[in-house]
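Take a look at the structure set out below.
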Amino acid sequence: MVSLEEQLEDVKAENKALSAYMNDIVGDINEEAPKIASMKANYDNAIK
Numbered sequence: 004m005v006s007l008e009e010q011l012e013d014v015k016a017e018n019k020a021l022s023a024y025m026n027d028i029v030g031d032i033n034e035e036a037p038k039i040a041s042m043k044a045n046y047d048n049a050i051k
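Under this note's numbering, the first residue of the sequence shown carries the number 4, and numbering increases by one thereafter.
Right, here's the structure in full:
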């Protein structure tokens with residue numbers, strides 16, 4: 004049987020991994036957002 008301490012350590016490790024994954028996603032979004040904003044501005048100007 005797994006102790007509560009072991010379960011807690013497993014949850015902490017999973018949380019750390021998920022946090023790193025989410026930080027990667029946020030980084031990707033922050034990298035792409037200016038490009039998308041520029042594309043939208045170009046599109047908006049083109050259809051005027």
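In this text, a Cβ means the ideal position worked out from N, Cα and C, and glycines have one as well.
{"Query": "If we ignore side chains and look at the alpha-carbon of each, how far apart do residue 13 and residue 42 end up?", "Result": "43 Å"}
{"Query": "On the three-state DSSP scale, how would you describe residue 25?", "Result": "helix"}
{"Query": "DSSP three-state label for residue 5, please.", "Result": "coil"}
{"Query": "Can you tell me whether DSSP reads residue 50 as helix, strand or coil?", "Result": "coil"}
{"Query": "Would you kindly work out how many angstroms separate the C-alpha atoms of residue 28 and residue 46, rounded to a whole number?", "Result": "26 Å"}
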